[in-house]
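Asks: Protein chains in written order, with the working numbering: chain A, 52 to 415; chain B, 19 to 405. No residue lacks a Cβ here, since even glycine has one placed at the ideal position from N, Cα and C. Take this structure, written in structure tokens, and hold onto it; I'll ask about it next.
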Amino acid sequence: MTVEGPSGHPLLEVKRLKSYFPIRKGFMRREVGAVRAVDDVSFHIDRGETLSLVGESGCGKTTTARCILRAIDPTDGQILFRPTEDKVFDVAQSTRRELRRLRRDMQMIFQDPFSSLNPRFTLLEIVGEPLLVNGMRSGRERQERVEELLRLVGMRPEYMRRFPHAFSGGQRQRIGIARALALNPRLVVADEPVSALDVSVQAQILNLLLDLQQKLGLTYLFVAHDLSVVKHLSDRVAVMYVGRLVEMTDRERLFNSPRHPYTEALLSSVPEPDPRRRSQRIVLEGEVANPAAPPSGCYFHPRCRYAQDVCRTDTPVWEEVTEGHWVACHRAKELELAGVRDRLPMNTAAGNSTNPATNATPAA
Amino acid sequence: MAEDHTTRTIESNVAVGVAREEERISVATQWQLTWWRFRKHKVANIAAIVLIMYYVVVLFADFFAYADPNLPAAKRGLLPPQPIHLFDEDGWNPHVLAFEGSRDPETFERVYKILGDQQISVQFFAQGLEYEILGIIPWDRHLIGVSDDAGGALAQEHVSLLGTDIQGRDMWSRIIFATSISMTIGLIAVAISQILGIVIGGVSGYFGGLIDTVIQRIIEIVRSIPQIPLLMGIAAAVPKDWSIEQIYFAITILLALILWTELARVVRGRFLSLREEDFVMAAELAGASRMRIILRHMVPSFLSHIIAATTLAIPTIIISETSLSFLGLGLRPPAISWGVLLQQAQNIQVLALSPWLLLPALPVIVAILAFNFLGDGLRDAADPYGT
């Protein structure tokens, strides 16, 4: 499935991205260590596809997303972004001025629709702000564009004189989406866009995102902790554990034949839609590793039921085990792991899947 | 059928009303929401009205006072309050009772005897001493004066509404003028301290890192200096040839240099939390400039807090002025302020024999309470979004 877009190069290539947060202690605030929020992560996103980044909370997926937009300065690594085929920018090295231009092509949808909209701005000001600061000075032009955008996300344009406090979470998320689309971006980074919403609203927003992708040819990096949400939206899925990618492949292969024990555990926690069938849930033992003091070897080995001696000493290599299927596990080639092939049909409508208990975090 | 129709009309009218109300709130700006919420805070509303009245007195002190506050009258020392009687047997006839003063030959105490048959008619909005309204328009009307038929007599020679002090100066007029000094002289200090607090706190919160650490340590040092000894030192150190007002101004500046720390911390905290807000990041991702983010996104979010903090800082300065003057460090006679007036009430003799000299404490208490209630109300109303 990693057939590259029709035009060759992927839209975004992340190479060996690292983001460490220093831990300072004492009066002189000496650096005594670092939280390795993102530790040597590499992946790419093709034009027009959706890559989902999945993992438990605290595993660094949001940090990865923010590094890509340079909302956080990464510690090391390259973020190659190609807004058009012949131009390539390293977002990690860009100056403030370059970033301003680049960000017209990459925008973000935030997790919390309540804190992401300035309560002191009207919808017109919120959605119009990217237009204004990028040179659309004429008020009428801006108003027309905002009207168009609001209609696009399913809001009534008459509401644009209102303030965000007049809207529900789902409506606010629509406003956030309209703002992200204001500048016609190519890449939209959606940081858990539905996890703060009511279940009934989640499906609407997911369907809206799918519609918009078709209409506008958007490319999504979709961050989520919920595998059932991811299943209906993604072309490919990357699984993250304690700052590292452990597996990345297309949706079907990841769900049906995972190669990493952590992915298997995540999949086993996807709830069973049929109450007569008993799922064999793999309950992970122990705690999530501390990114400030990770275990030796493979970070997952203390909780892995397939762990061997080599897992405790050596860090597994991030390699492509079969075409388009990347795994970081010493035993990736020998293990037979259980997917969800028999349990869940793949093409359920998004509306049926969003279940309140679909939290992919294992070992609740 | 008709009844049905009426019910439906009423229902739809109610629906329209609800929708209109909803629309009104939906498009309300931050200031409107704040105002609506403030209006519901009854105590704060009353406090605001009280403070408006105070500042009316401040602006038109000459009108409310009827006597020269610095004019001594040996024969009228320590005169007790002289209430205005609004009616006599014939009906409406505001007057005060005349008195006769003499000295007790044994105790040398001045004693006053009311002459029951002699009334001095009092007039409202009467002519009296000439003055200039706001220092521009000449006028001679006062809230209280003696009637013209007293033959051009001045109120200060016959009326002493709240008694007189030991030198025979009229307490009512002195309190009025003290109010105008005490309620205004601290405002400069408040302004200076707020500006310092906002700028330094803003720098500390926005840039963070080493700058933040240094500023926070400075704040801790400033806050740990004991105030009264420092002010005593300053009061002693200023040049001898400075006037009272100059010395006092120096002291208020010094107070400002201590007081800014509190607001600086609040502003820093707001900046730190706002920097992490998603909508600030969204503005940055949209390409907004730093200036725009600070001025359009961050500052409006805590402007209301600054207003509330300022309202709460004013009484602190007023109390400082009053207590410093009481200790003899702030304003000194012949300047008039609440603290100066209260300084005269320091000894037990005064408390026992002429308790009306303690009256200046009353406007101090009322003003401080009013400022605090108003500040509380503003603070509660300031954040209509409850963040």
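#1: Buried or exposed, going by whether 16 or more other CB atoms sit within 10 Å of the CB of R212(A)?
#2: If the cut is a Cβ gap below 7 Å, which residues of chain B does P181(A) touch?
#3: At the 8 Å Cβ level, is G56(A) part of the contact set with chain B, yes or no?
#4: With 8 Å as the C-beta to C-beta threshold (strictly closer), list the residues of the stretch 248-280 of chain A near chain B in chain order.
#5: Helix, strand or coil for Y292(A), going by three-state DSSP, please let me know.
#6: Listing by chain order, which chain B residues have their CB less than 9 Å from the CB of L168(A)?
#7: Once DSSP output is grouped into helix, strand and coil, what is the label at E263(B)?
#8: Assuming contact is defined by CB atoms lying nearer than 8 Å, are S285(A) and S108(A) in contact in what I supplied?
#9: According to DSSP, K131(B) sits in a beta bridge with which residue or residues?
#10: In terms of DSSP beta bridges, what is K69(A) paired with?
#11: Looking at L392(B): is its Cβ nearer than 8 Å to the Cβ of L51(B)?
#12: Give the C-beta separation of I256(A) and Q222(A) to the nearest angstrom, bearing in mind that I take them to be a contact with Cβ-Cβ under 8 Å.
#13: Please return the same chain residues whose Cβ sits closer than 7 Å to the Cβ of E371(A), not counting the five positions on each side in sequence.
#14: Could you tell me which residues DSSP puts in a beta bridge with D141(A)?
#15: Just checking my contact of V274(A) with D242(A) at CB under 8 Å: how many whole Å lie between their CB atoms?
#16: Would you call the stretch 107-114 of chain B and the stretch 129-136 of chain B touching, i.e. three or more CB-CB distances under 8 Å?
#17: Can you give the Cα-Cα distance for G153(B) and F82(B), rounded to whole angstroms?
#18: Just to make sure I have the definition right: I need the residues of chain A whose C-beta is within less than 9 Å of the C-beta of S319(B). Which are they?
#19: Enumerate in chain order the residues of its own chain whose CB-to-CB distance from Q174(B) is below 7 Å, with the five nearest sequence positions on each side excluded.
#20: Name the one or two DSSP bridge partners that G348(A) has.
#21: To the nearest angstrom, how far is the alpha carbon of G51(A) from that of G390(A)?
#22: Shortest alpha-carbon distance to L342(B) belongs to which of Y224(B), M316(B) and L272(B)?
#23: Among L303(B), A379(B) and I311(B), which residue has its Cα nearest to the Cα of I160(A)?
#24: Excluding the 5 residues preceding and the 5 following I386(B) in the sequence, name in chain order all residues of the same chain whose CB lies nearer than 7 Å to its CB.
#25: I want to see whether chain B comes within less than 8 Å of M187(A), judged by CB atoms only; does it?
#26: Under 8 Å between the Cβ atoms of V384(B) and L375(B)?
#27: Taking the straight line between their C-alpha atoms, what separation do you get for G314(B) and N341(A)?
#28: My output table needs one value for P351(B): the three-state DSSP class, helix, strand or coil.
#29: If you drop the 5 nearest sequence neighbours on each side, which residues of the same chain put their C-beta closer than 6 Å to that of S211(B)?
#30: Spell out a yes or no on whether the stretch 314-332 of chain B and the stretch 229-249 of chain B are touching, meaning 3 or more CB-CB pairs, one atom from each, closer than 8 Å.
#31: In this structure, how does DSSP classify S338(B) when only helix, strand and coil are distinguished?
#32: In angstroms with no decimal places, state the Cα-to-Cα distance between G204(B) and V252(A).
#33: Please list the residues of the stretch 117-140 of chain A that have a C-beta atom closer than 7 Å to any C-beta atom in chain B, keeping them in chain order.
#34: Which chain A residues sit within Cβ distance under 7 Å of R310(B)?
#35: If I follow the unbroken alpha helix (DSSP H) through V76(B), where does it start and stop?
#36: For chain A, is any of its Cβ atoms less than 8 Å away from the one on H323(B)?
Replies: If we stick to the structure as given:
#1: exposed
#2: Within chain B, the residues near P181(A) are A304 and G305.
#3: With a pLDDT of 44 at G56(A), under the threshold of 50, the predicted position of this residue should be treated as unreliable, and no value is reported.
#4: none
#5: It is a strand residue.
#6: D296, F297 and A300
#7: helix
#8: Going by C-beta atoms, S285(A) is not nearer than 8 Å to S108(A).
#9: E118(B)
#10: D90(A) and D127(A)
#11: no
#12: Not a contact, Cβ separation roughly 10 Å.
#13: W377.
#14: Paired residues: L131(A).
#15: 5 Å
#16: Counting Cβ pairs under 8 Å, fewer than three are found: no touch.
#17: The straight-line gap from Cα to Cα measures roughly 15 Å.
#18: N169, P170 and R171
#19: Y84, A85, D86, L89 and D188
#20: Beta-bridge pairing links G348(A) to no other residue.
#21: For chain A, the structure presents residues 52 to 415; residue 51(A) sits outside this window and is missing.
#22: L272(B)
#23: Per the Cα distances, L303(B).
#24: P333, I336 and I337
#25: no
#26: No.
#27: For the record, residue 314(B) in the displayed sequence is Arg; it is not Gly. Distance between the alpha carbons of R314(B) and N341(A): 39 Å.
#28: coil
#29: A274, L277 and W278
#30: no
#31: helix
#32: 55 Å
#33: So the close ones are L120 and A122.
#34: V184
#35: Element bounds for V76(B): K60 to L77.
#36: For H323(B), the answer is no, since every Cβ of chain A falls outside 8 Å of its Cβ.
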